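Written out below as structure tokens is the structure these notes cover.
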Amino acid sequence: MENRALYMTIALQEWLGLRLETIANFLVLGIALFGAGERKSIHPASAGVVLTYTLSMAQVFSEVVQAYAKNEQNFNAVERLLYYTELPSEGATTKPDDPPPTWPEKGAISFNNVEMAYREGLPLVLKGVTFDVNGGEKIGIVGRTGAGKSSLLQALFKVVNPQRGSITIDGRDLQDVGLTTLRTRLALVPQDTTLFLGTLRENLDPQGTRTDAEIISALKRAWLLPAEGSPVDSEAEAKFSLDAPVTDEGSNYSAGEKQLLALCRALIKGSRIIILDEATSSVDVETDAKLQRTIQTEFASSTLLCIAHRLNTIVYYDRIVVMDDGKVAEFDTPLNLFDKEGSIFRSLCDEANLSREDIVRIRTGATVQNTTEATN
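With the numbering used here as the guide, the letters of the sequence shown map in order to residues 10 to 385.
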């Protein structure tokens, strides 16, 4: 159980109590010294009465101040409860006309003049965003900080509802789809993977819908367990066994291993739409290569949206969305965007020291690898 907040509360109470007692003791000391210095003019009995009442008053004062502090602290909980009761409802988890379990079948996504702000009165973070993604298409999303990249994903997952416009998947408006239905049909590989206290099986398949064989197969495809025919790796098999313990926040796994576990979740889910939110920005080159190879081979027929930090990881995608100030500034193939003089994508490539030859080489390598995998 998480007890850091309780520990901090107790520590603060002890801190306050110690200082109040110190102040009271100094007050008693001052009165005692004053009485001793003025012993010729102050009767000893009077001095004793004053000291006695000062000691009792100091204790009462300390208790009153501590009670006031605790009361003020406890009212923070009341304030939060009132705040949560006034929050608007997120929406229905399911709806009567929710799509069938096979939805989405194609994975086509359409943003139509979407405008979104995080709260009423705040500036728009998406301003008339319009673009279409075909089923099975691989789309990279790039842009500078604050351009609106992550806001696209929040709108897609209905974390924040658009104020205007519509988002459709396979022709169905997301406003007509329940939250649970929508979010269970999309697979997300985030930048910071969250792992919970429990076993590895519980973290990868919390609903218990997959067999052990399916989960182990996903672990192998995510490069966490040795593939069939590979040498035995007893350390990996112990660390990534289905009953292996996962500590709080997954602290017993490295950042790269947690990203591969997030990829494993997406493989187990088997969704037609995969979203990568800067999934490779905080991992090493070796883990990045494993992620990219798995993405190319395992999600070949899925629709893929990837917010990219490293441009070399998305230049082999079908098309690139370049966001700028909440708008779609550019949307085309990587080579067409690079060849366009003065384009934002070209400037981003220049900053990353990515030349046209590099893009062609990466795209050619990805095509050859996909062809080889398909042949095998």
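Glycine residues also receive a C-beta, built at the ideal position from the N, C-alpha and C atoms. Nothing here was measured: the structure is a model prediction, and the numbers come from that model.
Practice task
Quick one: grab the DSSP three-state call for Gly152.
Solution key: The residue given as residue 152 occupies position 143 in the sequence shown. Three-state DSSP puts Gly152 in coil, outside helix and strand.
Exercise for the section: Find the nearest neighbour of Pro254 within the set Pro235, Leu213, Pro240, judged by alpha-carbon distance. Expected result: Counted from its first residue, the sequence shown places residue 254 at position 245. Of Pro235, Leu213, Pro240, the residue nearest in Cα terms is Leu213.
Handout entry: Stretch pair the region 184-198 + the region 92-112: three plus CB contacts closer than 8 Å
Key = The region 184-198 is in contact with the region 92-112.
Handout entry: Cβ pair Ala227, Leu276 closer than 7 Å
Key = By 1-based counting over the sequence shown, the position of residue 227 is 218. By 1-based counting over the sequence shown, the position of residue 276 is 267. Yes, they are a contact pair.
Problem - Rounded straight-line distance, which links the Cα of Leu135 to that of Glu124 - result: The residue given as residue 124 occupies position 115 in the sequence shown. The residue given as residue 135 occupies position 126 in the sequence shown. Using only the alpha carbons, I get a separation of about 5 Å.
Handout entry: Outcome for Gln82 when other beta-carbon atoms lying within 10 angstroms are tallied against a minimum of 16
Key = Indexing the sequence shown from 1 puts residue 82 at position 73. With fewer than 16 other Cβ atoms inside 10 Å of its own Cβ, Gln82 counts as exposed.
Practice task
Would you mind reading off the limits of the beta strand (DSSP E) that contains Gly388?
Solution key: Given that the chain is displayed from residue 10 to residue 385, the structure contains no residue 388 and the question cannot be resolved.
Problem - Coil, strand or helix - Asp293 by DSSP - result: Walking along the sequence shown from the start, residue 293 turns up at place 284. Residue state, collapsed to three classes: coil.
Problem - Simplified DSSP state of Asp201, which is helix, strand or coil - result: For the purposes of this step, residue 201 is taken as residue 192 along the sequence shown, with counting starting at 1. Here Asp201 sits in coil by DSSP.
Exercise for the section: Over the uninterrupted beta strand (DSSP E) stretch that includes Thr312, give me the two end residues. Expected result: One-based indexing of the sequence shown puts residue 312 at position 303. Boundaries of the beta strand (DSSP E) harbouring Thr312: 312-316, taken from the DSSP string.
Handout entry: One or two residues paired with Lys336 in a DSSP bridge
Key = For the purposes of this step, residue 336 is identified with residue 327 of the sequence shown, where counting begins at 1. The partner list for Lys336 (beta bridge, DSSP) reads Asp333.
Practice task
Assign Arg281 to one of two classes, buried (16 or more other C-beta atoms within 10 Å of its C-beta) or exposed (fewer than that).
Solution key: Taking the sequence shown and counting its residues from 1, the one referred to as residue 281 is at position 272. If you draw a 10 Å sphere on the C-beta of Arg281, you find 16 or more other C-beta atoms in it, and that means buried.
Problem - Which of helix, strand or coil DSSP assigns to Ala383 - result: On the sequence shown, position 374 is the one that residue 383 refers to. In this prediction, Ala383 scores a pLDDT of 46, lower than 50, which makes its location untrustworthy; the coordinate-derived value is nonetheless stated afterwards. Here Ala383 sits in helix by DSSP.
Handout entry: Contact the region 302-319 vs the region 241-251: 3+ CB pairs below 8 Å
Key = Fewer than three pairs of CB atoms, one per stretch, sit closer than 8 Å, so the region 302-319 makes no contact with the region 241-251.
Problem - Exposure label - Thr384; buried when at least 16 CB within 10 Å - result: Position 375 of the sequence shown, counting from 1, holds the residue named residue 384. Residue confidence is low: Thr384 scores 48 on pLDDT, short of 50, so the model does not pin down where it sits. No coordinate-derived value is stated.
Handout entry: Assigned exposure category for Glu72 - 16 Cβ within 10 Å defines buried
Key = Start at 1 with the first residue of the sequence shown, and residue 72 comes out as number 63. The residue in question, Glu72, is exposed, as its Cβ has fewer than 16 Cβ neighbours within 10 Å.
Handout entry: Counterpart residues of Ser71 in DSSP-defined beta bridges
Key = Here residue 71 corresponds to residue number 62 of the sequence shown, with the count starting at 1. Answer is none; Ser71 lacks a bridge partner.
Handout entry: Neighbour-count burial assignment, Thr322, 16 or more Cβ in a 10 Å radius
Key = The count along the sequence shown starts at 1 and reaches residue 322 at position 313. With 16 or more Cβ atoms within 10 Å of its Cβ, Thr322 is classed as buried.
Exercise for the section: Confirm, please, whether the CB-CB distance from Ile353 to Ala338 is below 7 Å. Expected result: As a working mapping, residue 338 is identified with position 329 in the sequence shown. As a working mapping, residue 353 is identified with position 344 in the sequence shown. In this structure, Ile353 lies closer than 7 Å to Ala338 by Cβ.
Exercise for the section: Could you tell me the distance, in whole angstroms, from the CA atom of Gln268 to the CA atom of Val294? Expected result: Your numbering for residue 268 matches position 259 in the sequence shown. Your numbering for residue 294 matches position 285 in the sequence shown. Spanning the two alpha carbons is a distance of roughly 13 Å.
Problem - Cβ-heavy atom distance, Gly335 to the ligand FMN, below 6 Å - result: With respect to the ligand FMN, the structure shown offers nothing to examine, as it has no ligands at all.
Problem - Per-residue DSSP class, three states only, for Phe120 - result: Numbered from 1 along the sequence shown, position 111 holds the residue referred to as residue 120. It is a strand residue.
Practice task
Using the DSSP secondary-structure output, state which residues sit across from Val168 in a beta bridge.
Solution key: Translated into the one-based positions of the sequence shown, residue 168 becomes position 159. According to DSSP, Val168 bridges with nothing at all.
Problem - The beta strand (DSSP E) enclosing Ser352, as first and last residue numbers - result: Here the question's residue 352 lines up with position 343 in the sequence shown. No beta strand (DSSP E) holds Ser352; DSSP gives it neither H nor E.
Problem - Residues near Leu332 in its chain [Cβ-Cβ closer than 6 Å; skip 5 each side] - result: Here residue 332 corresponds to residue number 323 of the sequence shown, with the count starting at 1. Inspection of the sequence shows that residue 332 is occupied by Met rather than by Leu. Taken in chain order, the residues that qualify are Gly152, Ala156, Gly157, Lys158.
Practice task
Could you round the C-beta distance between Gly44 and Ala33 to whole angstroms and report it? I think they count as a contact, below 8 Å.
Solution key: By one-based count along the sequence shown, residue 44 stands at place 35. By one-based count along the sequence shown, residue 33 stands at place 24. The C-beta separation of Gly44 from Ala33 comes to about 17 Å, leaving the pair out of contact by the 8 Å criterion.
Problem - Proximity of Gly137 and Thr312 at Cβ, strictly below 7 Å - result: Residue mapping note: residue 137 aligns to position 128 of the sequence shown, counting from 1. Residue mapping note: residue 312 aligns to position 303 of the sequence shown, counting from 1. Not a contact, by the Cβ cut-off of 7 Å.
Practice task
Excluding the 5 residues preceding and the 5 following Gln75 in the sequence, name in chain order all residues of the same chain whose CB lies nearer than 8 Å to its CB.
Solution key: Stepping through the sequence shown from its first residue, residue 75 is reached at position 66. Contacts found: Gln22, Leu25, Gly26, Leu29.
Exercise for the section: Pick helix, strand or coil for Asp252, following the three-state DSSP scheme. Expected result: Numbered from 1 along the sequence shown, position 243 holds the residue referred to as residue 252. When secondary structure is reduced to three states using DSSP, Asp252 falls in the coil class, being assigned neither helix nor strand.
Problem - Counted within 10 angstroms of its Cβ, other Cβ atoms place Thr218 as buried (16 or more) or exposed - result: Translated into positions along the sequence shown, residue 218 becomes position 209. With fewer than 16 other Cβ atoms within 10 Å, it is exposed.
Practice task
Measure the CB-CB distance between Tyr326 and Gly116 and report whether it falls below 7 Å.
Solution key: Locating residue 326 in the sequence shown gives position 317, where the first residue counts as 1. Locating residue 116 in the sequence shown gives position 107, where the first residue counts as 1. Result no, Cβ atoms of Tyr326 and Gly116 do not sit closer than 7 Å.
Practice task
Count the other CB atoms, across all protein chains shown, that sit within 10 Å of the CB of Glu114; report buried if there are 16 or more and exposed otherwise.
Solution key: As a working note, residue 114 is residue 105 in the sequence shown. Within 10 angstroms of the beta-carbon of Glu114 lie fewer than 16 other beta-carbons, which makes it exposed.
Handout entry: For Thr190 and Ser119, believed in contact at Cβ under 8 Å, the rounded distance
Key = Along the sequence shown, one-based indexing puts residue 119 at 110. Along the sequence shown, one-based indexing puts residue 190 at 181. Not quite, the Cβ-Cβ distance comes to about 18 Å (not below 8 Å), so this is no contact.
Exercise for the section: Let me know if Tyr262 comes out buried or exposed under the rule of 16 or more other beta-carbons within 10 Å of its beta-carbon. Expected result: Numbered from its first residue, the sequence shown carries residue 262 at position 253. Buried, since its Cβ has 16 or more Cβ neighbours within 10 Å.
Problem - Residues bridged to Ile224 (per DSSP) - result: On the sequence shown, position 215 is the one that residue 224 refers to. For Ile224, which the question treats as bridged, DSSP gives no partner whatsoever.
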